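Input: a single structure, listed below in structure tokens.
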Amino acid sequence: MSATPPNHRAGALHGGPRRGLRYISSMTPALNFCSVCGHAITLRVPEADNRERACCDQCGAIHYVNPKMVVGTVPMWGEQVLLCRRAIEPRRGFWTLPAGFLEADETTAAGATRETDEEAGARIVLGPLFTMYDVVHVRQIHLFYLARLVDTDFMPGEESLEVRLFDESDVPWNELAFRTVSATLRQFFADRRLERFGVHTGSIEGSPRSLSGTATPALATMAAGLAP
Ligand code: ZN
């Protein structure tokens with residue numbers, strides 16, 4: 024997760040060495056100075072455009088801000104699912120599926136596999152895409168793939184305090200880090216009861232703070248089990 028400069032990060036699901044800055048930067052302007060010429064940025068609507076952009080009036084560059092992709096997996100071992108307890112903010116101490124920012128020059132499948140290795144030290148066989156959630160208010164899109172663990176020789180990576188397998192009845196629903204994680208897990212157990220895994224999409228709405236809230240969320244458009 025080092026491919027983009029910290030001030031380009033649109034909120035951190037998972038942090039790194041500069042995680043504090045990256046998290047704070049989620050809702051701050053993406054750019055103060057032009058990355059081409061160093062001149063101060065002006066926020067205005069460019070000609071023939073329809074929304075405000077970070078424009079450089081010195082060299083003419085327009086700096087577009089687009090959502091970040093967060094990619095992860097639902098690693099299965101028999102009836103159990105692997106979760107990681109976060110060692111970093113935001114949501115330190117809460118449980119999550121292994122996931123993190125997609126790097127440049129990386130496929131979503133490769134990114135999900137890499138994050139599973141980095142956070143859980145887990146070797147997997149990646150399965151199909153399972154959920155995709157728009158999280159517009161923090162400018163992110165979260166993708167989770169189904170995955171099968173190859174063995175149980177996993178161990179916490181730098182960003183995890185603990186990694187372990189959970190039966191459905193043991194999942195710490197009130198201690199999950201993110202609403203996209205709880206939504207994905209609920210959908211996973213629902214599909215497993217039906218013995219048929221689909222692809223589920225939805226969106227999570229709310230203030231930046233509510234991304235990590237475990238209180239009743241403002242539910243969005245798709246009935247994809249978005250409540251934590
Ligand atoms: Zn410039």
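Every number in my numbering is 23 more than the matching position in the sequence shown, counting from 1.
We put the CB at the ideal spot given by N, CA and C, even for glycine.
Predicted, not measured: the structure shown is a model, and the values here were computed from it.
CA-to-CA distance, Q163 to A59, given in whole angstroms: The amino acid at residue 59 is misidentified as Ala; the sequence shows Val. Between V59 and Q163, the C-alpha separation is close to 25 Å.
Close beta carbons around R76, own chain, < 6 Å, minus the five adjacent residues each side: P69 and I85
A84 beta carbon near the ligand ZN (any heavy atom closer than 7 Å): yes
Beta-carbon gap between L199 and W100 smaller than 8 Å: Against a cut-off of 8 Å, the Cβ pair of W100 and L199 comes out as no contact.
Nearest to E129 (by Cα), restricted to the options L106, R109, V93 and T154: V93
Distance cut-off 7 Å: V59 Cβ against heavy atoms of the ligand ZN: yes
CA nearest to the CA of M155, picked from N73, G221 and C82: G221
Alpha carbon of E181 to alpha carbon of D72, nearest angstrom: 43 Å
Three-pair Cβ contact test at 8 Å for the segment 198–213 versus the segment 129–144: no
Closest Cα partner of G134 within the set K91, L208 and S226: K91
Candidates G61, A63, L54 and L120, of which the one nearest R202 by Cα: L120
Pairwise C-alpha distance: L54 and L187: Looking at the sequence shown, residue 187 is not Leu but Arg. If you take the alpha carbons of R187 and L54, they lie about 39 Å apart.
Among V104, F56 and T65, the one whose alpha carbon lies nearest that of V204: V104
Where S226 sits in the DSSP three-state scheme: strand
Cβ-heavy atom distance, C160 to the ligand ZN, below 7 Å: Note on identity: in this sequence residue 160 is His, with Cys being the wrong assignment. Not so, every heavy atom of the ligand ZN lies at least 7 Å from the Cβ.
Alpha-carbon spacing of D190 relative to E112, whole angstroms: 26 Å
Proximity test, H223 beta-carbon vs the ligand ZN heavy atom, cut-off 7 Å: no
Cβ pair P14, I64 closer than 8 Å: Only positions 24 to 251 of the chain appear in this structure, which leaves residue 14 out of reach.
Element boundaries [alpha helix (DSSP H), containing Q210]: Residues R202 to L217.
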